[in-house]
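Encoded as structure tokens, the structure appears first; notes follow it.
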Amino acid sequence: MSDNKIIFAGPPGVGVTTAIKAISDIPPEIKKKKLVDDKGNTTTIEMDYGILKLDSGDQIYLYGAPERAKLEHVRETLKQGCIGLVLLINNAEKDPVGTMLQYMEDCQFLVEKKGMAVGLTRYEDSPLPDINDFHIALREKKHNIPVFSVDGHEKNDIITIIRAMLYNLDSGVN
Amino acid sequence: MAKSKFTISLLGFDQRSADMLGEATRRTMQIVDPISKDDTQVVVVDIDGPEGMAIWENFRQQWPHMPAVVTSENEPNINQVSFAEKPFTVEALIDNITEAMILAPAAEEEPEEISVAPTETATEEGASLTPEPDSEPALEEITENVGESLPAFDRASEAITDTAQLEEISPESSMDTPDELSLETIADDTDESLPPLGEATPAITAAEEVTNEETDEAVTETEPGEPETELETTTAESKDMEDDTFEAPAPDKAMPPLSQIAGILSSHTSSNSDSTIRKLDTPNPDENYFDPDAHIIGLVLKGITEGEETGAIAKLACLLDRTIYVDASNKRVCSNLKDIHMRQIAIAPLGKGENGLDTQLEMIESKSLEELAGLDGSMYPMESFVWELAVLTSKGRAPKGTPMDEPTYLMQWPNFTRLSVVPYAMKVAAYWLRLPSSLYDLSENLDVPLCDILSLYSAASLTGLAGTAKRNSDRMLRPGKPEKHEKRNLFGSIMGSLKKNN
Chain P
956 MSDNKIIFAG PPGVGVTTAI KAISDIPPEI KKKKLVDDKG NTTTIEMDYG ILKLDSGDQI
1016 YLYGAPERAK LEHVRETLKQ GCIGLVLLIN NAEKDPVGTM LQYMEDCQFL VEKKGMAVGL
1076 TRYEDSPLPD INDFHIALRE KKHNIPVFSV DGHEKNDIIT IIRAMLYNLD SGVN
Chain R
1315 MAKSKFTISL LGFDQRSADM LGEATRRTMQ IVDPISKDDT QVVVVDIDGP EGMAIWENFR
1375 QQWPHMPAVV TSENEPNINQ VSFAEKPFTV EALIDNITEA MILAPAAEEE PEEISVAPTE
1435 TATEEGASLT PEPDSEPALE EITENVGESL PAFDRASEAI TDTAQLEEIS PESSMDTPDE
1495 LSLETIADDT DESLPPLGEA TPAITAAEEV TNEETDEAVT ETEPGEPETE LETTTAESKD
1555 MEDDTFEAPA PDKAMPPLSQ IAGILSSHTS SNSDSTIRKL DTPNPDENYF DPDAHIIGLV
1615 LKGITEGEET GAIAKLACLL DRTIYVDASN KRVCSNLKDI HMRQIAIAPL GKGENGLDTQ
1675 LEMIESKSLE ELAGLDGSMY PMESFVWELA VLTSKGRAPK GTPMDEPTYL MQWPNFTRLS
1735 VVPYAMKVAA YWLRLPSSLY DLSENLDVPL CDILSLYSAA SLTGLAGTAK RNSDRMLRPG
1795 KPEKHEKRNL FGSIMGSLKK NN
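Quick mapping for you: the protein sequence lines, in order, are chains P and R.
Quick note: the first sequence uses this note's numbering, first residue 956, plus one each step.
Quick note: the second sequence uses this note's numbering, first residue 1315, plus one each step.
Laid out in structure tokens, this is it:
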């Protein structure tokens, strides 16, 4: 039995939950993980969680990554079986290109040898920076990954970005 | 750590060529820089640069026993080295690497690392192009030694053949079921299941161990059978398999790692390797082309160019009361054209004849697009509008003058969520971005009808995203079938499910 996952990440409010909801075959749930530090203080990390059911009987788990500061604590949970990362960035916020690069650095353990795609939300309302600016920044880091404008509510947008991510991993897929 | 990739080092390659080679071979090879006695299995040397031969001589002097592949547009006069003539395919390079391992003599002590500062040393020390007879045994002798010291190369070859046959008989067979796990799958899973040594702080790591158990019991949201629970099972399986996983030996120059080669070749073999060429079989090759300047898209592009230079808005009156306004400065288009009109005006030739489109380009200054267009127009991103117009005009043809058999490039991913659909567009884009390819090669290697390739090229080139590749590095690799990911079948299942939901 596999535990293949697609991870959705992005700043709070960007639409991670909505994106998971758009394609999940179950109502999205919250997955909780308790952490206890060496002083006995507990912290709970919450992650959105959904399932994409395949005709083959397999399931693809859809995880919403927690905020950046807590990523390291769930590193292994996210990394195990990860197919790829869909990073959602709000183009209306200040310095979205910088936010994308910071997330990529924090999610390096997911980016390396995995698939990745970037979805820009609110791009139509705030078309600057231009989508080309994201590509230029990515090329400087030697990444050649899909960057699309998306609306998290639009199922087709989320499907398109996942398909692009998979083709980027293997363009021989039919 | 278990490995299933060739580890190669590159010498004499410019950065772009090295990046391109790294991308194209990412599933079968790992590039090691600089050359390392322990990690490099084969060095690939490009001798086409101005100091190419000096780089080769310097390398051979410092690493007389290191397996090497020399690549060039013309075969050099170098003995006992595997030669890869440019352009080469990834498959051909794998053959060369295998050959280089066989040709290489037994290992002796060599420097730990080499920094690439080739020319002066080679010239000063006068390195010879031809290896010393004493230090480099003849080909027959090497082959014989290899045959004796190896557990039967023939058996490995048979294994490769069997694997290929299996895939041919059962192309749909899943690589993801446990019985058919590929070497790479096992290796990768094993990597992923290993604990993150030194990556988390000790306090947090300890806390996670404790609360993982708590989470399963205390947090009801986690259901049995979900990944958290499976994690342990998967890890255990992976560890069991780890013992059987091929461990790539430290590079032994006299012994090619045949099981590794078999594994890589097996995972590399495409299940649809006998795809047919889909060139358009038209009696008149001109039918593969259209002239953008003979259609309204030519005027739109001209309006964009002038608008970018002057800031003016382009106006094109198309059919009676139908108008296109193009604001190049703000990358927007406003038009009251309906879909059916778009199709009509896209294919109609410009001119005053019966079927002609009598449209003139007019540049208008100092007014906003909203003010010009009034209330009955719809706004479009300029790229989306031009893309759609190009696809409609193209009708499976390429812009006039496009070389069909010369490499072309795609600069970046088009914004496919906002562009009209071209069949296979994302599949082609993913491949094309990594490797400049001719339009014929794209069609052949991806098994996509040429008319769809030409439609995509038309849209991408007329929106400025694609063009003819002219750099030398773009001609180094000959495109082949896409490298096969170990989870290709799983990806196919995901695609299928997503398509049904679309």
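A virtual CB, placed ideally from N, CA and C, is assigned to each residue, including glycine.
Buried or exposed: which applies to residue i, given that a residue is buried once 16 or more other Cβ atoms fall within 10 Å of its Cβ?
i, result
"R/A1626", "buried"
"R/D1641", "buried"
"P/A1024", "exposed"
"P/H1108", "exposed"
"P/N1123", "buried"
"P/D1125", "buried"
"R/K1801", "buried"
"R/T1385", "buried"
"R/T1624", "exposed"
"R/D1558", "Only weak support is given to the placement of R/D1558: the predicted model assigns it a pLDDT of 33, under 50, and the value that follows is read from those uncertain coordinates. Exposed is the call here."
"R/L1634", "exposed"
"R/N1816", "exposed"
"P/Q1035", "buried"
"R/P1465", "The predicted position of R/P1465 is uncertain, since its pLDDT is 35 and thus under 50; a value taken from the coordinates is nonetheless stated next. Classification of R/P1465: exposed, given that the 10 Å Cβ count is below 16."
"P/L1160", "Residue numbering for chain P in the displayed model covers 956 to 1129; residue 1160 of chain P lies beyond these limits and cannot be assessed."
"R/D1788", "buried"
"R/P1796", "buried"
Hey, out of the options, whose CA is closest to residue i's CA?
i, options, result
"P/P982", "P/G965, P/K988, P/T972", "P/T972"
"R/V1358", "R/I1808, R/S1807, R/I1408, R/G1715", "R/I1408"
"R/T1342", "R/V1742, R/Q1375, R/Q1355, R/D1755", "R/Q1355"
"P/K987", "P/G970, P/H1028, P/G965", "P/H1028"
"R/A1774", "R/A1338, R/G1810, R/L1724", "R/L1724"
"R/R1711", "R/K1813, R/N1803, R/L1770, R/P1796", "R/L1770"
"P/I1086", "P/V1052, P/I1038, P/E1048", "P/V1052"
"R/D1600", "R/E1676, R/A1660, R/P1717, R/L1675", "R/P1717"
"R/D1605", "R/K1709, R/L1675, R/L1417", "R/K1709"
"P/H1098", "P/I985, P/R1030, P/K1068", "P/K1068"
"R/R1657", "R/I1611, R/M1693, R/I1678", "R/I1611"
"P/I1116", "P/V1128, P/V1102, P/L1065, P/G1127", "P/V1102"
"R/M1693", "R/K1652, R/E1679, R/Q1726", "R/K1652"
"R/L1804", "P/L1043, P/Q1057, P/D1003, P/S1011", "P/S1011"
Would residue i count as contacting chain C if we go by Cβ distances under 7 angstroms?
i, result
"P/P1101", "Given the protein chain composition of this structure (P and R), no chain C is represented."
Which same chain residues end up closer than 6 angstroms to residue i when comparing Cβ atoms and leaving out the 5 residues on each side of it in sequence?
i, result
"R/Y1738", "V1762, D1766"
"P/N1046", "L1075, R1077, Y1078, S1081"
"R/H1609", "T1707"
"R/E1405", "G1794"
"P/I1114", "none"
"P/V991", "T997"
"R/T1403", "R1792, G1794"
"R/D1672", "K1666"
With a CB to CB cut of under 8 angstroms and the five nearest residues on each side skipped, what residues in its chain are close to residue i?
i, result
"R/G1691", "T1637, Y1639, C1648, S1649, N1650"
"R/V1387", "As written in the sequence, residue 1387 of chain R is Glu, which differs from the Val given in the question. The residues are D1362, E1399, K1400."
"R/K1741", "L1760, V1762"
Can you name the residues of chain R whose CB is closer than 7 angstroms to the CB of residue i?
i, result
"P/R1118", "M1740, M1809, L1812"
"P/N1111", "N1816"
Kindly list, in the order they appear in chain P, the residues whose Cβ is closer than 8 angstroms to that of residue i.
i, result
"R/R1732", "F1103, S1104"
"R/R1802", "D1125, G1127, V1128"
"R/A1766", "One detail in the question is off: residue 1766 of chain R reads as Asp in this sequence, not Ala. Result: empty, since nearest Cβ-Cβ is about 14 angstroms, beyond 8 angstroms."
With a threshold of 7 angstroms on Cβ separation, who are the neighbours of residue i within its own chain once the five nearest residues in sequence on each side are excluded?
i, result
"P/S979", "G1005, I1006, L1007, L1017"
"P/L1009", "I1015"
"R/E1413", "S1396"
"R/L1733", "S1698, W1701"
If the cut is a Cβ gap below 7 angstroms, which residues of chain P does residue i touch?
i, result
"R/Q1726", "H1090"
"R/K1795", "G1127"
"R/F1805", "L1121, L1124, D1125, V1128"
"R/N1729", "I1086, F1103, S1104"
Taking residue i as the query, report the chain R residues whose CB atoms sit under 9 angstroms from its CB, ordered along the chain.
i, result
"P/K1025", "What P/K1025 touches in chain R: nothing, since even the nearest Cβ is about 10 angstroms away."
Which residues in chain P have a C-beta closer than 9 angstroms to the C-beta of residue i? List them in chain order.
i, result
"R/L1760", "S1126, G1127"
"R/K1798", "D1125, G1127"
"R/D1328", "Here the premise fails: no neighbours, minimum Cβ distance about 15 angstroms."
So which residues of chain R does residue i contact, with C-beta pairs closer than 8 angstroms?
i, result
"P/S1081", "Those within 8 angstroms of P/S1081 in chain R number zero; the least Cβ separation is about 13 angstroms."
"P/K1171", "This structure leaves residue 1171 of chain P out entirely; chain P is present only between 956 and 1129."
"P/T1115", "F1730, T1731, M1740"
Checklist entry - Taking a cut of 7 angstroms between CB atoms, which residues from the region 1736-1747 of chain R lie near chain P? => result Cβ contacts with chain P: M1740, K1741, A1744, Y1745, L1747.
Next on the checklist: For the region 956-989 of chain P, list every residue whose C-beta sits within 8 angstroms of some C-beta in chain R, in sequence order.
Outcome noted: When C-beta distances to chain R are compared with 8 angstroms, the residues of the region 956-989 of chain P below that value are M956, S957, D958, N959, K960, I978, E984, I985, K986, K987, K988, K989, in chain order.
Next on the checklist: Can you pull out the residues from the region 1001-1026 of chain P whose beta carbon lies closer than 8 angstroms to at least one beta carbon of chain R?
Outcome noted: Of all residues in the region 1001-1026 of chain P, Y1004, L1007, K1008, L1009, D1010, S1011, D1013, I1015, Y1016 have a Cβ within less than 8 angstroms of some Cβ in chain R.
Next on the checklist: So if I threshold CB-CB distances at 8 angstroms, which residues from the region 1601-1619 of chain R count as touching chain P?
Outcome noted: From the region 1601-1619 of chain R, no residue has a Cβ closer than 8 angstroms to chain P.
Checklist entry - Using a beta-carbon distance cut-off of less than 8 angstroms, what residues from the region 1323-1349 of chain R approach chain P? => result Within the region 1323-1349 of chain R, the qualifying residues are D1333, E1337.
Checklist entry - Given a limit of 7 angstroms on CB to CB distance, which residues of the region 1048-1073 of chain P reach chain R? => result Answer set for the region 1048-1073 of chain P: empty.
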